[in-house]
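*Asks:* Adding 419 to a residue's 1-based position in the sequence shown gives its number in our numbering. Ideal Cβ placement from N, Cα and C applies to all residues, glycine included. Given the structure is predicted, the values throughout are model-derived calculations rather than measurements. Let me give you the structure first, and then I'll get to my questions.
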Amino acid sequence: IEGTQKLLNKDLAELISKMRLAQQNAVTSLKEECKKQMLTAAHTLAMDSKNLLDAVDQARVRANVAKPPTP
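Here it is in structure tokens:
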């Protein structure tokens with residue numbers, strides 16, 4: 420979990436960096452490329468966050484703290 424937290428912090432820092440870059444280039448020809456990079460960073464953060472939540476859910480089920488999800 421600690422490793423994942425570091426990864427999420429890195430992902431968030433990357434997203435912030437890409438958002439700043441997109442803001443700086445909002446009226447330039449790089450606008451679309453910056454927007455694409457920002458969306459890619461946001462997607463990476465979302466997927467890593469989901470993976471963390473899945474891992475926490477699995478750990479809770481294994482520890483009998485939560486019921487397994489029903490399909």
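(1) Is the separation between the beta-carbon of aspartate 476 and that of leucine 427 shorter than 8 Å?
(2) Which word fits lysine 486, buried or exposed, when buried means at least 16 other C-beta atoms lie within 10 angstroms of its C-beta?
(3) Considering only their Cβ atoms, is the gap separating threonine 423 from alanine 474 smaller than 8 Å?
(4) Put threonine 489 into one of helix, strand or coil per three-state DSSP.
(5) How long is the line joining the alpha carbons of lysine 455 and threonine 489, rounded to whole angstroms?
(6) One question on the structure: do cysteine 453 and leucine 434 come within less than 8 Å of each other, judged by their Cβ atoms?
(7) Does the beta-carbon of alanine 482 have 16 or more other beta-carbons within 10 angstroms, so that it is buried, or is it exposed?
*Replies:* So, from the data block:
(1) Walking along the sequence shown from the start, residue 476 turns up at place 57. Walking along the sequence shown from the start, residue 427 turns up at place 8. Their beta carbons are not under 8 Å apart, which means aspartate 476 does not touch leucine 427 by this criterion.
(2) Mapped onto the sequence shown, residue 486 falls at position 67. Exposed, since its Cβ has fewer than 16 Cβ neighbours within 10 Å.
(3) Here residue 474 refers to the residue found at position 55 when the sequence shown is read from its first residue. Here residue 423 refers to the residue found at position 4 when the sequence shown is read from its first residue. Yes. Within cutoff.
(4) Within the sequence shown, the letter at position 70 stands for residue 489. Threonine 489: coil per DSSP, three-state reduction.
(5) Position 36 of the sequence shown, counted from the start, is the residue given in the question as residue 455. Position 70 of the sequence shown, counted from the start, is the residue given in the question as residue 489. In a straight line, the C-alpha of lysine 455 is about 36 Å away from that of threonine 489.
(6) On the sequence shown, position 34 is the one that residue 453 refers to. On the sequence shown, position 15 is the one that residue 434 refers to. Contact check for cysteine 453 against leucine 434 fails: the beta carbons are separated by 8 Å or more.
(7) For the purposes of this step, residue 482 is identified with residue 63 of the sequence shown, where counting begins at 1. Its Cβ having fewer than 16 others within 10 Å, alanine 482 is exposed.
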